[in-house]
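To start, the structure itself, in structure tokens.
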Amino acid sequence: MGEVAETIRRKLEDTFSPASLEIVDESHLHAGHAGRDPRGESHFAVAFESAAFVGKSRIEQQRMVYAVLAEELSDRVHALRLTLAPLRA
Numbered sequence: 001m002g003e004v005a006e007t008i009r010r011k012l013e014d015t016f017s018p019a020s021l022e023i024v025d026e027s028h029l030h031a032g033h034a035g036r037d038p039r040g041e042s043h044f045a046v047a048f049e050s051a052a053f054v055g056k057s058r059i060e061q062q063r064m065v066y067a068v069l070a071e072e073l074s075d076r077v078h079a080l081r082l083t084l085a086p087l088r089a
């Protein structure tokens, strides 16, 4: 796993304590497309469940994640595909 993916993992784990967390670097799927960083690690798919999402709308959940990853989204990360869910009891 690359440096950007590790940073994403650490920030999401520290903030949301997810029950499970999957981060997939999909940058290779975007070769030649606008927004692809030649350094790689520019497009990610992220999926996780968190108790922090209980009672939150899908938009609120996404905004929470975007706030935590604001630095990465302003630099290396061009696209972030999110699959989020509240942790079920």
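Residue numbers (this note's numbering): 1 to 89.
Virtual Cβ for every residue (Gly too), placed ideally from N, Cα, C.
Check: If we ignore side chains and look at the alpha-carbon of each, how far apart do HIS78 and HIS43 end up?
Finding: The residue labelled residue 78 in the question sits at position 78 within the sequence shown. The residue labelled residue 43 in the question sits at position 43 within the sequence shown. One C-alpha to the other measures close to 6 Å.
Next item on the list: Specify the secondary structure class of GLU3 as computed by DSSP and reduced to three states.
Entry: As a first step, residue 3 must be located in the sequence shown, where it is residue number 3. DSSP places GLU3 in helix when its eight states are reduced to three.
Item checked: Collapsed DSSP secondary structure at ASP25 in the structure displayed -> The residue labelled residue 25 in the question sits at position 25 within the sequence shown. The answer is strand: DSSP assigns ASP25 an E or B state.
Next item on the list: Excluding the 5 residues preceding and the 5 following SER20 in the sequence, name in chain order all residues of the same chain whose CB lies nearer than 7 Å to its CB.
Entry: Against the sequence shown, residue 20 aligns to sequence position 20. Around SER20: PHE48 and GLU49.
Item checked: Sub-8 Å separation of VAL68 and GLU41 beta-carbons -> To locate residue 68, count along the sequence shown from 1; it is residue 68. To locate residue 41, count along the sequence shown from 1; it is residue 41. For VAL68 and GLU41, no; Cβs fall outside 8 Å.
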